[in-house]
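In my numbering, the protein residues as written are 1 to 564. Glycine included, every Cβ here is placed at the ideal spot set by N, Cα and C.
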Amino acid sequence: MMGDIPDDPPRWWQTRWFVAAAALIAIVPLIWPEIPPLVDLPGHMGRYRVQLSLDAAPWLSQWYNFRWSLIGNLGIDLLIIPFAKLFGLELGVKLIIMAIPALTVAGLLWIAREVHGRIPPTALFALPLAYCYPFQFGFANFALSMALALCLFALWLRLGRLRRFRLRAAIFIPASCLLWLCHTFGWGVLGVLAFSAEMIREHDRRKDAGSGHWFASWFRAGLHCIPLSLPILMMILWRSGDHVTGQTTDWFDWHAKTQWLLMVLRDRWLAWDVAGAALLYLLLLKGIRDPAIEYSRNLALSALFLTAVFLLLPRIVFGSAYADMRLAPYVIAIAVIAIRPRRTMSLRHAGVLAMLGLAFFLARMGGTTISYWMFAHDYRTELAALEKLPVGARVVSFVGYSCRNEWRMSRLEHLPALALERKLAYTNDQWSMAGAQLLTARYTIAGGFAHDPSQITTTRWCLREWWRPIGYSMARFPREAFDYVWLIRTAPFDPSYASDLVPIWRSADGTSALLKVDHTKPAPDIADSELIPKRLLELRDLIRRKRAAEAAAAEKAKAAANPS
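See below:
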C-alpha cells in the first residue's frame, strides 16, 4: 500500500529534509550569476538605484520622477530598502530573487502535504515550474507574490484543517494586504485558491450533515474568504487616481493563450523546454486515464477555477502586458500537485514515480544552471563597456533584437539599466507608465528616445511593434540630449549615420560598442525616405493629417461653445 496511513513512516520524498533539500536545489542556478539573468530585472534594478540615491545623486531628479504611492506592485521595491543597507543593491536583489524559486518549491510541496496528508510522488514533477517563463521574463514582484501566495495558501489549508478559523482570520487580514502590496496578482490567486478550497470543505461538511447543497457551500466559502477582502479598498484607491494610465485590452486571444501553455518552461532551448512541458501534460492526462492515480477534488477544483481565470484574462491589464501568460504555469503546477496515488498503488510503483519526478526536477535545474552560466558570460562581456563610462553620463542605448520573437530571449533587453544602477547615468530603457510604476521618465529633451522600448532595435521595421531599425535610431536620436551611445549586439548600419560619434570601446566580435557624441560635429542629415519605407511614410502622413483635422474640429467646437 502507498503508505498514507498516519502511522506509516514517511517515504524519502515526504520528509522535511527532502523539502528543505528541494528548496536549496532550486536556488543552485542563481548562485553563479552576479546579476540574475532575468529579462526585465536589470530595468527594475535601475529603478531601485533611483529610489535609493536621489539624495546622493540629485541630478537623477532632472531625468526621472520618482514618487512613492500605494500601488499593488511594491514587493522588491520595499524589500530592497533594508537589503541594500545590509548587502548592497546588487547582492540584495540577488538574495531576494534566489528566495523566489525556493519559496515556490516549498509552497507547492506544503500545499500537497496539506491536501493529501502526505506529499505524493507525482508532486515532484511540478517543482521545475519554479523557473517558469514569467520568472525568466523578470516579472520579479509578480513571481515573489506568487511564491508567497502558494505558501500562504498552504497555511490557509493547515489552519482550516485544524479549525483555527479565528486565528486564520487574524493572520490573513494583514497578510492579504501585504501580499497585495507585493503584487496584486498574488493576492488574486490566493483568493481564488482559498475560495475553491473552502467550497469543497463546506460542501463535504454539509454533505456529512445531510445538507450538501452547492449554493450554500458557495455562500459559506465566500464568508470564510472575507478576511482576504480588505485589499479591494486598496485597489480602488490605486486605480481611481487621475494620474493613473494603462488600458485593459486584448481579450480572448486564443492563439496567444495556446502559445503560453507551450511556453510554461521557456528558457533557452526550444526542444528541451517544450519536451518538459509535454511531459507535464502527459502526466495530467495520465491522472485522468491511469487507474493507479487520481485527482484530489480540492486541488482539481482550484486548478479548474484558475483555468477559467486564465481563459478570461486579457493579455494586457492596466497597461501591464502578458497578464494571462503569467498565470499559465501556476495553473499547471496546481493541477500536477492535485494528482495522487490511489491506495492500491504499491510502494515500488510510488518509489519509481518519485525517482522519475526527482530526475525531471534535477535535469531541469541542471539545464537552467548551464543556461544561466552562459547568460552570465554574456553579461560580463557587455558590461565591460561601463568601465569607460563616467558617473552621471547621459546614455542612449540600443539593443539588437529580432522581429521573429525567437525562443531564446537574449536577456540583454534591459541591460542598459545597469549603467543607471552602477554609474548613476541616464538610460532610455526605463518603463514610464504612471500608476503602474513608481518611476516615470521626465527627460523631455530626449523625445521619443526617453524610455522603453526605444532601446530595442531591429534590422527592419517590425509588424505591430514600436521597435525601430538600428539605422533609424542611430540617425534620429537627439544628439543634444545624450553624451554617449551604447550599442549592445546590434545589427550593422550605415557608418554615415554615426559620423559624429567617436568609438571609445568595442567588443571582440564588433557587435557591441560604446560611442561618445562629438557635439562639435553636425548630426547626420538623412532624409526620411532613406530611413522609412514609402508605405510607412504614407501611413505617418495620414495619421498626422487625421490628428490635425481632429484638433481643428476640437478648436472649432470650443470656439462655438465660447463665442466671447
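Alpha-carbon to alpha-carbon, residue j and residue i
i: A560; j: R464; result: 39 Å
i: R442; j: L60; result: 10 Å
i: L537; j: S529; result: 8 Å
i: D500; j: I526; result: 13 Å
i: V391; j: V485; result: 15 Å
i: R220; j: L167; result: 18 Å
i: F449; j: L78; result: 29 Å
i: G276; j: P329; result: 12 Å
i: A143; j: D483; result: 36 Å
i: V317; j: P9; result: 48 Å
i: P42; j: L162; result: 43 Å
i: C182; j: I370; result: 30 Å
i: A376; j: R411; result: 10 Å
i: F135; j: V274; result: 17 Å
Environment of residue i [buried if 16+ CB atoms lie within 10 Å]
i: I25; result: buried
i: E382; result: buried
i: E567; result: The first residue shown for the chain is 1 and the last is 564, placing residue 567 beyond what the model contains.
i: Q14; result: buried
i: V115; result: buried
i: A552; result: exposed
i: T444; result: exposed
i: T344; result: exposed
i: I80; result: buried
i: L327; result: buried
i: F252; result: exposed
i: G75; result: buried
i: T258; result: exposed
Residue i: first and last residue of the uninterrupted beta strand (DSSP E) it sits in
i: Y497; result: Neither: Y497 is in no beta strand (DSSP E) and is coded neither H nor E.
i: F398; result: 395-400
i: V485; result: 484-488
i: I456; result: 456-458
i: L178; result: Note, L178: premise wrong, no beta strand (DSSP E); alpha helix (DSSP H) at 165-182.
i: L129; result: Where L129 is concerned, there is no enclosing beta strand (DSSP E), given that its DSSP letter is neither H nor E.
i: T440; result: 439-441
CA nearest to the CA of residue i, picked from the options
i: V331; options: L280, F360, R535, V317; result: L280
i: F493; options: I504, W466, T459; result: T459
i: L150; options: I334, A23, Q136; result: I334
i: T440; options: R67, F165, R201; result: R67
i: L261; options: L230, L233, L311, R164; result: L311
i: W156; options: S145, L127, L190, G138; result: L190
i: R342; options: A363, D8, L237, I293; result: I293
i: G510; options: M409, L415, G400; result: G400
i: A154; options: W110, R411, F195; result: W110
i: W12; options: V352, N562, K286; result: V352
i: R479; options: Y133, R411, P524; result: P524
i: Y48; options: Q430, V502, L233, R468; result: Q430
i: V50; options: N65, L358, P36, D40; result: N65
Segment limits, alpha helix (DSSP H) that includes residue i
i: V19; result: 16-25
i: A149; result: 140-161
i: A475; result: 470-476
i: L531; result: 528-531
8 Å Cβ cutoff, residue i in contact with chain C
i: T104; result: Checking the listed chains, one finds no chain C in this structure; it contains a single protein chain.
Residue i beta carbon near the ligand HEM (any heavy atom closer than 7 Å)
i: Y64; result: Although the ligand HEM was asked about, the structure shown includes no ligands whatsoever.
**Asked** Could you give the uninterrupted runs of the beta strand (DSSP E) lying entirely in the segment 258-322, keeping only those of 3 residues or more?
**Response** If you keep only unbroken beta strand (DSSP E) runs of at least 3 residues inside the segment 258-322, you get 293-295.
**Asked** Which residue spans inside the segment 35-100 form an unbroken alpha helix (DSSP H) run of at least 4?
**Response** Restricted to the segment 35-100, the alpha helix (DSSP H) segments that are unbroken, complete and at least 4 residues in length are 41-53, 60-63, 75-87, listed in chain order.
**Length-filtered (3 minimum) beta strand (DSSP E) runs lying within the segment 334-421** = Taken in chain order, the unbroken stretches of beta strand (DSSP E) that lie wholly in the segment 334-421 and span 3 residues or more are 339-341, 395-400.
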